[in-house]
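Here my numbering = 1-based position in the sequence shown + 4.
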Amino acid sequence: MATVNNNLSDYDASLVPDASNMKFAIVASEWNEEITNGLLNGAYSTLLKHRAIESNIVVHRVPGSFELPLGAQLFLEKGNVDSVICIGSVIRGETAHFDYVCEAVSQGVKDVSLKYGKPVIFGVLTDDNIQQSRDRSGGKHGNKGDEAAVTAIKMVALSNSL
Numbered sequence: 005m006a007t008v009n010n011n012l013s014d015y016d017a018s019l020v021p022d023a024s025n026m027k028f029a030i031v032a033s034e035w036n037e038e039i040t041n042g043l044l045n046g047a048y049s050t051l052l053k054h055r056a057i058e059s060n061i062v063v064h065r066v067p068g069s070f071e072l073p074l075g076a077q078l079f080l081e082k083g084n085v086d087s088v089i090c091i092g093s094v095i096r097g098e099t100a101h102f103d104y105v106c107e108a109v110s111q112g113v114k115d116v117s118l119k120y121g122k123p124v125i126f127g128v129l130t131d132d133n134i135q136q137s138r139d140r141s142g143g144k145h146g147n148k149g150d151e152a153a154v155t156a157i158k159m160v161a162l163s164n165s166l
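As structure tokens, then:
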């Protein structure tokens, strides 16, 4: 696993641009709420840490991870945002459902980002069990939400610099 010896919350904060002039949407899944709440809190607090203004961060929930791409698209169509952070958690079960959802969400997030030319960030955990999800949503491996927020800030800064 990529995160076994890494902490998703460890990064050089000096390499993260100032986010005070950036606008963000966070779309978070209601499914696996224990995990998505941790991810959402991590993303939100990381945006604030890098000087994003609270009124420039909008948060909305969607029923599940499968709905994240459409949630992101709606924000990009109707909202004035520079980036959308998609927060979700898909935990492997006994059927192929996990594979279908993960594939659809990852492709959907990528497609929306390319369609609108704005960063749509994949802050979705795809773990084998609940403990792995807990470890990556504020546990021993840090918080994927932190990583998603840093990615959003860096990608907006890149877009603004071109």
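In this text, a Cβ means the ideal position worked out from N, Cα and C, and glycines have one as well.
Check whether residue i and residue j have beta carbons under 7 Å apart
{"i": "Val116", "j": "Val124", "result": "yes"}
{"i": "Val31", "j": "Gly97", "result": "no"}
{"i": "Ala23", "j": "Gly83", "result": "no"}
{"i": "Val160", "j": "Met26", "result": "yes"}
{"i": "Ser69", "j": "Ser18", "result": "no"}
{"i": "Thr130", "j": "Val85", "result": "no"}
Close beta carbons around residue i, own chain, < 7 Å, minus the five adjacent residues each side
{"i": "Leu12", "result": "Arg140, His145, Gly146, Asn147, Lys148, Asp150, Glu151"}
{"i": "Gly127", "result": "Leu43, Ala47, Ile89, Cys90, Ile91, Lys148, Gly149, Ala152"}
{"i": "Asp14", "result": "Gly146"}
{"i": "Tyr120", "result": "Leu80"}
{"i": "Ile134", "result": "Ile95"}
{"i": "Gly142", "result": "Gly42, Gly46"}
{"i": "Ser59", "result": "none"}
{"i": "Gln77", "result": "Val116"}
Among the options, the one whose alpha carbon lies nearest that of residue i
{"i": "Leu166", "options": "Lys122, Ala29, Gly112, Val105", "result": "Lys122"}
{"i": "Phe102", "options": "Phe79, Asp86, Asp132", "result": "Asp132"}
{"i": "Gln111", "options": "Pro73, His64, Gly68, Pro21", "result": "Pro73"}
{"i": "Leu118", "options": "Ile134, Ser163, Asn45, Tyr104", "result": "Ser163"}
{"i": "Tyr104", "options": "Ile134, Gly142, Glu71", "result": "Glu71"}
Burial state of residue i (16 or more Cβ within 10 Å)
{"i": "Ile157", "result": "buried"}
{"i": "Ser87", "result": "buried"}
{"i": "Asp16", "result": "exposed"}
{"i": "Glu37", "result": "exposed"}
{"i": "Thr99", "result": "exposed"}
{"i": "Leu51", "result": "buried"}
{"i": "Glu107", "result": "exposed"}
Contact belief for residue i with residue j at Cβ below 8 Å, rounded distance in angstroms
{"i": "Ser137", "j": "Ile39", "result": "5 Å"}
{"i": "Val20", "j": "Val154", "result": "6 Å"}
Beta-carbon proximity list for residue i, same chain, < 6 Å, skipping 5 on both sides
{"i": "Val63", "result": "Ile30"}
{"i": "Trp35", "result": "Gly68"}
{"i": "His54", "result": "Val20, Ala23, Ile157"}
{"i": "Asn10", "result": "none"}
Cut-off 8 Å between Cβ atoms - residues of its own chain near residue i, not counting five sequence neighbours on either side
{"i": "Ile57", "result": "Ser24"}
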